[in-house]
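Beneath this line is the structure, given in structure tokens, with notes to follow.
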Amino acid sequence: ERIAPGVVDRQPVKEPLQTGLKSIDAMVPIGRGQRELIIGDRQTGKTAVALDAILNQKGKDMICIYVAIGQKASTVAQVVKTLQDNGAMDYSIVVNASASEPAAMQYLAPYAGAALGEYFRDSGRHALTIYDDLSKHAAAYREISLLLRRPPGREAYPGDVFYLHSRLLERAAKLSDAKGAGSLTSLPMIETQAGDISAYIPTNVISITDGQIFLEADLFNAGIRPAINVGNSVSRVGGSAQIKAMKQVAGTLRLDLAQFRELQAFAQFGSDLDKATQAQLARGQRLTEILKQPQYHPLEVEKQVLLIWAATNGFADDVPVEQVRRFETELLRFVENGHPGLLENIRTQKSISDDIKADLTQALKDFKDRFNDKTATSMTRTTTSNDGSASPVASSGAASADETTAVAAGV
């Protein structure tokens with residue numbers, strides 16, 4: 009337990025904390041010192057989002073603290089193995105109070121994690137704490153309170169359950185320069201029941217945090233992963249936690265997706281759509297596809313900017329939806345090999361100047377010519393047999409086995 013820093017000791021959140029996930033870094037940005045809730049039903053990918061954020065901190069002088077509260081020991085072991093396999097345990101700490109531990113240990117675990125984070129924050133460094141999850145923490149506190157004969161309130165939780173979480177999450181802060189300018193960022197998680205975010209604990213934590221990332225079971229089951237519902241997700245820090253380049257491309261992205269969702273609802277009622285509406289629906293489908301990302305493969309911010317810029321400027325509009333993943337993989341490979349200075353310029357300048365915009369346009373045009381030629385060739389691909397004769401191979405223009413493997417591996 010420790011009193012949170014006061015207003016005088018803080019400064020506004022303005023440094024980005026990149027998660028490596030396109031949909032979060034573009035539309036629900038997180039800053040150093042922020043508290044961003046990850047909320048959703050069980051098995052919707054909450055832990056995967058948090059682990060991606062940890063993996064993306066490699067080499068960025070960020071200490072990551074993962075607090076497991078009431079989890080199965082096998083689940084925590086899997087998390088640790090993922091961190092070890094990706095070389096993340098060099099800068100990560102795991103605090104575990106598993107389901108077999110007494111309720112008192114589960115109650116204390118997040119405060120222990122916060123104390124570890126505060127040590128680094130107060131020494132002028134940056135730390136990230138992940139609480140997985142605070143629903144189980146509240147249940148453990150309810151158990152203790154009922155055993156102590158404290159009067160139960162709504163849903164049998166004690167009256168001070170709001171204070172339980174507010175005093176924990178208020179310890180996340182971006183300290184002033186006089187205090188060393190360190191930061192502690194918190195990513196608490198809440199498990200909802202059937203998507204009900206109006207229950208007691210979810211509404212409490214939503215009101216405490218600086219925004220929420222809402223993961224939806226329907227999106228997850230539809231294959232949209234990370235399954236982020238952009239309409240219900242928000243970051244109250246917003247653009248001040250983004251580099252200028254991302255801000256430049258993300259504004260159009262959010263607008264295009266909002267229009268797509270609106271038109272998609274109307275399109276179900278009628279088939280006679282004008283060309284402009286059809287174009288917007290096609291753009292929305294490709295943007296949705298671009299925002300999908302394999303698990304545990306975070307992307308550097310300059311690569312995210314490149315992909316989102318290409319999609320929002322219409323370079324993927326004529327690419328078949330099932331080919332978008334291949335388009336993304338080959339575009340990254342093409343720019344890395346043929347235009348390495350372009351990504352470096354975005355990384356160092358952190359904005360899209362007129363020169364960079366011209367370079368992006370030229371690089372995309374060159375790539376589209378090659379991509380279209382490749383797609384056309386794959387439609388009529390032939391293989392030469394041992395006797396030298398040629399036989400056509402049926403192909404639908406889909407990616408080859410090697411390319412599919414590359415996409416699955418997140419190359």
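First residue of the sequence shown: 9, per the working numbering; consecutive thereafter.
Every residue, glycine too, gets a C-beta built ideally from N, C-alpha and C.
Residue pairing from DSSP places serine 243 in a beta bridge opposite Gly219. The way I'd put it, the segment 31 to 47 doesn't touch the segment 318 to 337; fewer than three beta-carbon pairs between them come closer than 8 Å. One Cα belongs to isoleucine 232, the other to isoleucine 221, and the distance between them is close to 15 Å. In chain order, Gln26, Thr27, Met254, Val309, Gln312 place their CB closer than 7 Å to the CB of aspartate 33, counting only its own chain and leaving out the 5 sequence neighbours on each side. Taking C-beta atoms as the reference points, leucine 307 and leucine 265 fail to come closer than 8 Å.
Within the segment 348 to 394, the complete beta strand (DSSP E) segments of 3 residues or longer fall at 390 to 392, listed in chain order. Tyrosine 115 counts as buried, since at least 16 other C-beta atoms from the protein chains shown sit within 10 angstroms of its C-beta. With a cutoff of 8 Å on beta-carbon distance, leucine 195 and isoleucine 251 are scored as not near each other.
Val75 is the residue among Val88, Arg129, Val75, Leu124 whose C-alpha sits nearest the C-alpha of methionine 113.
The C-alpha of leucine 223 lies about 16 Å from the C-alpha of leucine 142.
Listed in chain order, the non-local C-beta contacts of glutamine 288 below 8 Å within the same chain comprise Asp264, Gln267, Phe268, Leu271, local neighbours out to five positions each way being set aside. Taking serine 248 as reference, the option from Asp17, Gly39, Pro210, Ala12 with the minimal CA-CA separation is Gly39. Between the segment 156 to 165 and the segment 84 to 91 there are fewer than three C-beta pairs closer than 8 Å, too few to call the two in contact. The beta-carbon separation of proline 37 and serine 243, rounded to 5 Å, stays under the 8 Å limit for a contact.
In the pairwise beta carbon analysis, the segment 65 to 85 is classified as touching the segment 95 to 107: at least three pairs are separated by under 8 Å. Phenylalanine 379 and leucine 299 have their C-alpha atoms spaced approximately 20 Å apart. Within the same chain, and ignoring the five residues on either side of aspartate 60 in sequence, the residues whose Cβ sits closer than 7 Å to its Cβ are Thr27, Gly28, Leu29, Tyr304, Pro306. By the CB criterion at 8 Å, leucine 124 and glutamine 65 fall outside the cutoff.
Around the beta carbon of asparagine 229, a 10 Å sphere encloses fewer than 16 other beta carbons of the protein chains shown; the residue is thus reported as exposed.
A buried status is given to isoleucine 77, since no fewer than 16 other beta-carbon atoms sit within 10 Å of its beta-carbon. Within the model, the alpha-carbon separation for tyrosine 127 versus arginine 175 is close to 17 Å.
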